[in-house]
Amino acid sequence: MEPEKVFINANILTLDENNNIAGSIAVSGNKIIQIYKEKNPDVATMDLQSELEIIDLGGRTVIPGFIDTHNHILAYAQLLDFVNCSSPLNKNIEDILQAIKAKIDLTKEGEWVQGFGYDDTMLEEKRHLTREELDRFAPNHPVAIAHISGHLAVVNSKALSLAGLEDNVEDPDAGYYGRDENGKLNGVLFESAAMQPVMNVLPVASKEQMIAQLGRAAKHYLAQGITTNTDAAVGMLGDPEKEIQVHTEAARQGINPMRSRLMIMHNLLQKGMRFEDYTAEELDKELIDKSNENVRLDSAKLFQDGSIQAFTAALREPYYSGSKEKAKIFQKQDAFNKEILNLHERGFRIAVHGNGDRAIESILDAYAYAIKEAPRKEHKHRIEHVQTAMTKDIKRMEELDVAGSFFINHVYYWGERHAKIFLGPDRASRMNPLAEAVEHNLLFTLHSDCPVTPISPLFSIWAAVNRCTTEGNILGPKQRIDVITALKSMTIYGARLNFDEDNSGSIEVGKRADFVLLDKDPTVIDPIKIKDISVEETWIGGNQVYKQEID
C-alpha cells in the first residue's frame, strides 16, 4: 500500500504494548501503514505515489487521540447559551442574581431564563438559592438554574407553577423537593426525578439548532485532542429520538468529526418504549447505518445513586458534615437485578452511575446476579465515577471483570470540600482509588463528566498523576498513578473499553490515524505541569480537524 502522507521529525509516543517511541509515520487513507524509528526516514526508498504529502512536525510530541469515555456533550452544547452561574466567577448569591437579572432584561416577558453551574459550597453564603430570591428579579419569567453537579436545580415560583408543582407534592422515590421550615417548596429540586416536571415544560430547541450547537461543542472537544467521545446519557434531555438523530446526522454531515459512542438511557429499552425489543447488536447496527459508521452504541445507562455534593450519593456510612443521612440507592435491589439481567441477556454492555460505596455494592450485586444467571465473557460492564469505592469493592470488580470509569477531576475541584464537608479526611483521601485499580488489574479510564468539569484529557491525566486540590494539597498520595498509565487510561484503555483496541488507542500499523500533537512531552516534563501542555493539532483518520491558532 502506498503512503499518502508521511509525518516526519516527531517524538511519537505510540503507547503500544512496549511503549515504543518512534520518529515518523506513514498514512494511507485513514490508517497508519508504517512506523519508523527514524525522525527523517529515507523517503526515496518508499513505494511512493506522485502526490505524497510530507509533513514536518518540527520535533513535536505525537500521542494517540484522546478517548473520553464519559461526558455529556449534547447537554454541554446547550449550556453554552445559558447564564454562567459558576464560581469563582460568582462569589455570592447576589452575583448570580445580578447575572440572571442581566439576562432577564434582554428576554421577553414570560420566556424562560436558564443558568448553569452554581455551587452552593463555593458561595459566600454556603447555601442554595431559593425561589423567593429568584422571584425578586423574575416575577414574570420562569427561571431554572442547574447545579454544577447536574444532580439538582433551583427554580422560581413561575417555573414551579408552569411545572404544576405545588407545596403538597410528594417526593419521588429517586429524589426529593427542598422545603422551607413551613414545608413550602423552596425551589430546590434534588435529582432527575424531582427535576423532571420542570424539564417537561422547558423550551425545546429544534433538531437543526441542536445539530449546530453540537458542532460548536465538538470544536471545543477537538481543541482538547479528543478523537473518540462518549455521550453518557442519551435520552435525558427530553426527546430521545431527536437526540439520537442529532448525533447521527451531525456525524453523517461531518459537523461532528469525532467518533461517537452513545450510552442509551435504560428506560428507552423497556417495554412500551422505542427500543423495547432491540438487542444490543440491532441498536448498534442502526446507529452505524444512520451515521456513516461514525456513531456506535456504547451501553445501556442506569443510575443507582446521585451526587456526593447533593448528599444523594448512597454511602455505607453517614456523611461527614454532622448529618446522619446516607442517601438511598435509587432502585430496589430485586427490581434492579432483574433489569440488569434482562439487558445482559440482550447483549448490552451496561454502565451504571455509582458515586457512593453503597451504590457501588448494589451495582456489583446486580452484575454478579446477571453473570451467574447468564454467563458471558467479555461483557465489560462498567461502573461510572467509582468515587468512594472501598478496597473490597475494587477486589470484587476484579473478580467480576467489571471496568471502571473514574471521575478523577473531583479530586481537584471538590477534594477539599469532600474532606471537610461531605466525606471527611479518611474517605476523601481514597476517592477515585486509581492505584488500587492498577494493583487489581482493572480495566479503567478517566473522564471529565463535562459540563460538570471542563473537558480536558490532559487535566484528567494531571489530576491522576498529582492528586492536587484547589488549595495545593495532595489528597491521597498513595492513590497516585504514573504518567504512562494515566496516558493509557485516556487512550488505549478507552479503546479496550470501547471494544475497539484493534482500530484505535495506540499508534500502530493497521490502526486508524487518530492522533494529537502536543507542544511538550508529558513523560519528561515536571508532572505538575502536565495540565499546562497545549494541544496544537488534532488528526482523525489522517485528516487535520483542529489546529491551534497562534496569536
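So the sequence shown is numbered by the numbering used here: it starts at 102 and just counts up by one.
Idealized CB from N, CA, C, for every residue including glycine.
The model shown is predicted, which means the values in this text are computed figures rather than measured ones.
Straight-line measurement puts the Cα of Tyr137 at about 8 Å from the Cα of Ala127.
Taking 8 Å as the cut-off, the Cβ atoms of Gly606 and Ala596 count as close. Thr222 carries a helical assignment under DSSP once its states are collapsed to helix, strand and coil. At the C-beta level, Glu462 and Asp502 stay beyond 8 Å of one another. Its Cα nearest to that of Ser590, the residue Phe560 stands out among Gly577, Glu350 and Phe560. Counted as a single uninterrupted DSSP element, the beta strand (DSSP E) harbouring Asp157 occupies residues Glu154 to Asp157. Shown here for Ser188: same chain residues with a beta carbon closer than 6 Å to its own, the five before and five after excluded, namely Asp220 and Met223 in chain order.
A residue is called buried once 16 or more other Cβ atoms fall within 10 Å of its Cβ, and Gly573, having fewer, is exposed.
One thing to note: Ile133 has its Cβ within 8 Å of the Cβ of Glu609.
Straight across, the Cα-Cα distance linking Ile155 with Gly326 is about 22 Å. DSSP places Asp169 inside the beta strand (DSSP E), whose first and last residues are Phe167 to Asn172. For secondary structure counted as the beta strand (DSSP E) over 3 or more consecutive residues, the stretch 242–313 holds these complete runs in sequence order: 244–248, 253–256, 277–280 and 286–291. Non-local beta-carbon contacts of Ala318 in its own chain, meaning distances under 6 Å to residues more than five positions away in sequence, involve Ile174, Tyr177 and Ala178 in chain order. Take the alpha-carbon of Gly211 and the one of Ser262: they are about 12 Å apart. Ala295 sits away from Tyr322, with the two beta carbons spaced by 8 Å or more. Counting along the chain, Val512 sits inside the alpha helix (DSSP H) bounded by residues Asn510 to Arg518.
The beta carbons of Ala260 and Pro243 sit about 4 Å from each other, so the pair counts as a contact at 8 Å. CA-to-CA, the gap between Asp458 and Lys425 works out to about 16 Å. Assignment of His229 by DSSP, reduced to helix, strand and coil, places it in the coil class.
When His248, Ala381 and Trp563 are compared, the shortest CA-CA separation from Val553 is found for His248. In this structure, Val584 keeps its C-beta atom at 8 Å or more from the C-beta atom of Pro534. Beta-bridge annotation (DSSP): Trp640 is paired with Phe616 and Gln645. Annotated three-state conformation of Gly373 is coil, per DSSP.
Looking at His480, Lys521, His511 and Leu618, the one whose alpha-carbon comes closest to that of Ala504 is His480. Val163 and Asn112 have their C-alpha atoms spaced approximately 6 Å apart. Thr331 and Arg362 do touch by the CB rule: their CB atoms are close to 4 Å apart, below 8 Å. In this structure Phe404 is in contact with His454, their Cβ atoms being roughly 4 Å apart against a cut-off of 8 Å.
Annotated three-state conformation of His541 is coil, per DSSP.
Apart from the 5 residues on each side of it in sequence, Asp272 sits with its Cβ closer than 8 Å to the Cβ of Tyr278 and Ala295 in its chain, given in chain order. Distance from Val299 to Val256 at the Cβ level is roughly 6 Å; contact confirmed, criterion being Cβ atoms closer than 8 Å.
The alpha-carbon separation between Leu116 and Pro558 amounts to approximately 16 Å. Selection Met311, Gly355, Ala467 and Met359 evaluated against Glu342 yields Met311 as nearest (Cα-Cα). With respect to the C-alpha of Glu485, the residue from Asn110, Ala520, Asp550 and Ala529 having the closest C-alpha is Asp550.
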